[in-house]
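K.L.:
First the structure, then my questions, so here it is.
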Amino acid sequence: EIINLITNTTGSDKFVDNGDGTFTHTTVNGDVITFDANTTTLLDNGNGTYTLTNANGDTITIDVVGDVVTNIQNQGDIYNEIINLITNTTGSDLFVDNGDGTFTHTTVNGDVITFDANT
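Residue numbers for the sequence shown follow my numbering, beginning at 3 and rising by one.
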């Protein structure tokens, strides 16, 4: 069924890969537009950013990690809920780094266990 929907172009736009890096889009009205996909490059900068260069040499850098962090920080509800989940110890275990090589684990039942990671 899905293949039939994709290949049935009656009454819909048609998009054809010409096999040479160009694509032809034929609109439902019969307008034909061919474009060359070889004229753009996408470079992985290896640090969570990507640089897109178009045919005119114009570039834009996409910072995936930065965008995600910014979106979380700018979305007060999301950020606040993350902080609530991190800091809410009601009904859950608590694990504390004592800063001296020891750790204290407080169980949900209130039992306290301290252990030394240096030994």
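Glycine included, C-beta positions come from ideal geometry on N, C-alpha and C.
1. Going by DSSP, name the residue or residues bridged to Asp46.
2. Once DSSP output is grouped into helix, strand and coil, what is the label at Val110?
3. Starting from Val30, trace the beta strand (DSSP E) both ways and give me its first and last residue.
4. Rounded to a whole number of angstroms, what is the C-alpha to C-alpha distance between Val114 and Thr121?
5. Quick one: residues in its chain with C-beta nearer than 6 angstroms to the C-beta of Ile62, no 5 flanking neighbours on either side, listed in chain order?
6. Determine the closest residue to Gly68 out of Asn56, Ile84, Gly50, Ala57, with distance taken between C-alpha atoms.
P.N.:
The relevant details are as follows:
1. Along the sequence shown, one-based indexing puts residue 46 at 44. Asp46 pairs with Tyr52.
2. One-based indexing of the sequence shown puts residue 110 at position 108. In the structure shown, Val110 sits in coil (DSSP, three-state: anything other than H, G, I, E or B).
3. For the purposes of this step, residue 30 is taken as residue 28 along the sequence shown, with counting starting at 1. If you look at Val30, you'll find it isn't in any beta strand (DSSP E); DSSP assigns it neither H nor E.
4. Translated into positions along the sequence shown, residue 114 becomes position 112. Translated into positions along the sequence shown, residue 121 becomes position 119. One C-alpha to the other measures close to 19 angstroms.
5. In the sequence shown, counting from the first residue as 1, residue 62 sits at position 60. Only Leu54 meet the Cβ criterion.
6. Along the sequence shown, one-based indexing puts residue 68 at 66. For the residues Asn56, Ile84, Gly50, Ala57, the minimum Cα distance to Gly68 belongs to Gly50.
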